[in-house]
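Chains A and B supply the protein sequences, listed in that same order.
For my numbering, add 101 to where a residue sits in the first sequence, where the first one is 1.
Counting along the second sequence from 1, when you hit position 161 you're at 147 in my numbering, and nothing is skipped either side.
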Amino acid sequence: MNKNATLIDMGYGNFPRLSSFFKRLGYDVTIKNINDSFKSSNLLVIPGIGNFNLVNKMNKKSDIYKYILSYEKHQNIILGICLGMQIMCRSSQESKNIYNGLNMFPYDVVKLPNNLKQRVPRIGWYESSFTKKSQYDEVKLYYSHSYYVDSKKNKNIYMVTKHNQKTIPALIKDNNIIGLQFHPELSGDNGADIFQEVIR
Amino acid sequence: MSNFRIIPKIEVKQFNLVKGYKLEGLRVLGSPLLFIQEYERFLADEILVEDVMASILDSLVEQKLIKDIVKNTSVALTAGGGIKNIRDVDKIFSAGAERVILCSAAIKKSNLIRKIYEKYGSQSVAVKLEIYSKNDEIEYFTFCNGREIFKCNTYEWIKNLIDLGVGEIYVNFIDDDGTGKSVNAKLFEILRHKIDVPIIYSGGISSLKDIKLIENIGGDGVAIASALHYNLLPNIFDYKVKNKFFSRKNLNEDIGNYEWILNGYGEDRTSMVPILSLKEIKKNILTGRNQ
């Protein structure tokens, strides 16, 4: 039986690209509105479209919201992509630094520094490397963001990438919760390979 | 380490890929998806799709086309053409594009930029500047694919766009577009210093030298149309013949366009656009996405 993946729709329409990405990997994909009734899913995806204030719009009484925050109990995978991963953190400069994030990762999100060599938003294909042993060395992945998760070296940072000289997290994983700063659905074969490796 | 982007520019008129000469005399080259799939195969860093007639015809870039492209490719897509309000923007994102690009709306309703920025973030909104230049200075901007003229305090206006939240600027040199006559490095250098968001050069690029020049000046990428499309055209025509894609019996309208591409157009019959293959570019220039 196929595993199922549920994508959360926060009112930004559907996600054709993400749907087909997970379908290609063999998932049955369902798109759910944040307020829809919901029980469980092998993989729950918080997509990366919008801005951090989105988190304020999440209905805290909804099944999905409660399910996300009880991740330690159910042990199914919660995956945040780009903004989705940032929402899983504690706070963001994009949202006045108040602690309104989901606080699943104990980090703060801050604006990328802009300079002559590397402008913001940071858009395009960037080298990304594993901090742990992996069959991959460096891979190029597709990014499109203006904020990043501010975290020093930590055992949960599985992959990093560089913004000018600054090292920033590309992939955070803490047991069953995973955050990706890059877009696996836009990173060709690399995106799929890394995703497969990390959920293993 | 480079994150320079090669972006095939897919100008469309509804469901057809078109190309003009200095934005005029648009000719149909074929199905956008056939071209885009070829470009993805040779590792295009992103794709730009814009309906160049939409603003003139008061329509919006076809969402069915965007859906079709998104379904069949997995390379990031910037799309635009005829966007007037946030509902149009929602439609384009729903169809699956990763970023929208504005031209007329940036001039007529610049506040829309702020709205998109607040809803989707600055990385999701680009603006195209159609630039008419004289003696390495910007004379004026145009919109509606070169039809309408817009004069303003150039750099102040660009700064205003960035303050509103634009995340990326495409500079399109309209007098070079479709000619393959190389790039305006001097003016681009000035623009590079004035613009502190990513900036993509478009118009007249037809050689590796052009691309390297833009990269050295500090451009974040180039959007190329004619040089890439014309290079693919013979293959695509072959494909069409083999697969009986011709829409009319025995004769089809594209032959006229093919003749035009091979033999030139109007007074510029002698002016040829050099062709360039994406494969060749990727072999010689270090970009974000390489094998």
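The beta-carbon is built from N, C-alpha and C at its ideal position, and this holds for glycine as well.
All values derive from a computational prediction rather than experimental measurement.
Check                                                                                                                                                                            : Outcome
Return the CA-CA distance between B:Asp196 and A:Tyr208, expressed in angstroms with no decimal places.                                                                          : 43 Å
Against B:Gln109, what residues of chain A qualify as contacts under a CB-to-CB distance less than 7 Å, listed in chain order?                                                   : Pro222, Ile224, Ser245, His246, Ser247
Which ranges does the alpha helix (DSSP H) cover as unbroken runs of at least 4 residues, wholly within the stretch 157 to 206 of chain A, from first to last along the chain?   : 164 to 170, 172 to 175, 184 to 188
Between which two residues does the beta strand (DSSP E) carrying A:His264 extend?                                                                                               : 258 to 264
Relative to the alpha-carbon of A:Leu281, which residue among A:Asn265, A:Lys167, A:Asn257, A:Gln266 has its alpha-carbon at the smallest distance?                              : A:Asn257
Can you have a look at B:Ser60 and say buried or exposed, based on whether 16 or more other CB atoms are within 10 angstroms of its CB?                                          : buried
Give me, in chain order, the residues of the same chain whose beta-carbon lies closer than 8 Å to that of A:Glu228; leave out the 5 immediate sequence neighbours on both sides. : Glu239, Val240, Lys241, Thr262, Lys263
Counting C-beta neighbours from all protein chains within 10 Å, is the total for B:Asn131 16 or more, i.e. buried, or is it exposed?                                             : buried
Contact criterion: CB-CB distance below 9 Å. Does A:Ser229 meet it with respect to chain B?                                                                                      : no
Run through the stretch 57 to 111 of chain B for me and flag every whole alpha helix (DSSP H) of 4 or more residues, listed as ranges in chain order.                            : 72 to 81, 90 to 94, 97 to 106
Using 8 Å as the Cβ pair cut-off and three pairs as the minimum, do the stretch 181 to 194 of chain B and the stretch 204 to 216 of chain B touch?                               : yes
What is the C-beta distance between A:Ile169 and A:Ile179, in whole angstroms, given that I count them as a contact (C-beta under 8 Å)?                                          : 6 Å
When you compare only the Cα positions, how much space is there between B:Ile(-7) and A:Lys161?                                                                                  : 42 Å
Please state whether DSSP places B:Val152 in a helix, a strand or coil.                                                                                                          : coil
Since A:Ser193 meets chain B, which of its residues come closer than 7 Å, beta carbon to beta carbon?                                                                            : What A:Ser193 touches in chain B: nothing, since even the nearest Cβ is about 11 Å away.
Among residues of its own chain, excluding the 5 on either side of B:Val183, which ones have a beta-carbon nearer than 7 Å to its beta-carbon?                                   : Ile148, Val152, Gly153, Glu154, Ile155
Taking the beta carbon of A:Lys212 as the centre, do at least 16 other beta carbons fall within 10 Å, making it buried, or is it exposed?                                        : exposed
Note down, in chain order, each residue of its chain lying with its Cβ closer than 7 Å to the Cβ of A:Asn136, except the 5 sequence neighbours on either side.                   : Asn160, Ser163
So, does the CB of B:Ile87 fall closer than 9 Å to a CB anywhere in chain A?                                                                                                     : no
Chain A partners of B:Gly82, CB-CB under 7 Å?                                                                                                                                    : Pro117, Arg118
So, for B:Asn236: in the same chain, excluding its five sequence neighbours on each side, which residues have a beta-carbon less than 7 Å away from its beta-carbon?             : Because B:Asn236 sits at a pLDDT of 45, beneath the cut-off of 50, its placement in the model cannot be relied upon, and the following sentence gives the value as read from the coordinates. Contacts found: none.
Output yes if chain B places a C-beta closer than 9 Å to the C-beta of A:Ile179; else output no.                                                                                 : no
Say whether chain B places a C-beta atom closer than 9 Å to the C-beta of A:Gly289.                                                                                              : yes
Report the partner residues of B:Arg13 according to the DSSP bridge assignment.                                                                                                  : B:Lys5
When the Cα of A:Asn105 is compared with those of A:Glu195, A:Ser120, A:Gly202, A:Ile224, which residue comes out closest?                                                       : A:Ser120
Do you know offhand how far B:Asn238's Cα is from B:Asn2's?                                                                                                                      : In this predicted model, B:Asn238 has a pLDDT of only 47, less than 50, meaning its place in the structure is not dependable; the value taken from the coordinates is given anyway. Distance between the alpha carbons of B:Asn238 and B:Asn2 is about 14 Å.
In this structure, how does DSSP classify B:Lys198 when only helix, strand and coil are distinguished?                                                                           : helix
Can you list the residues of chain A that B:Asn(-11) reaches, using a CB-CB cut of under 7 Å?                                                                                    : Gly225, Trp226, Tyr227
What does A:Tyr243 pair with, by DSSP beta-bridge criteria?                                                                                                                      : A:Trp226
Starting from A:Gly151, find everything on chain B with Cβ-Cβ shorter than 8 Å and list it in chain order.                                                                       : Lys105, Tyr106, Gly107
Using the three-state DSSP reduction, which class does B:Ile261 fall into: helix, strand or coil?                                                                                : coil
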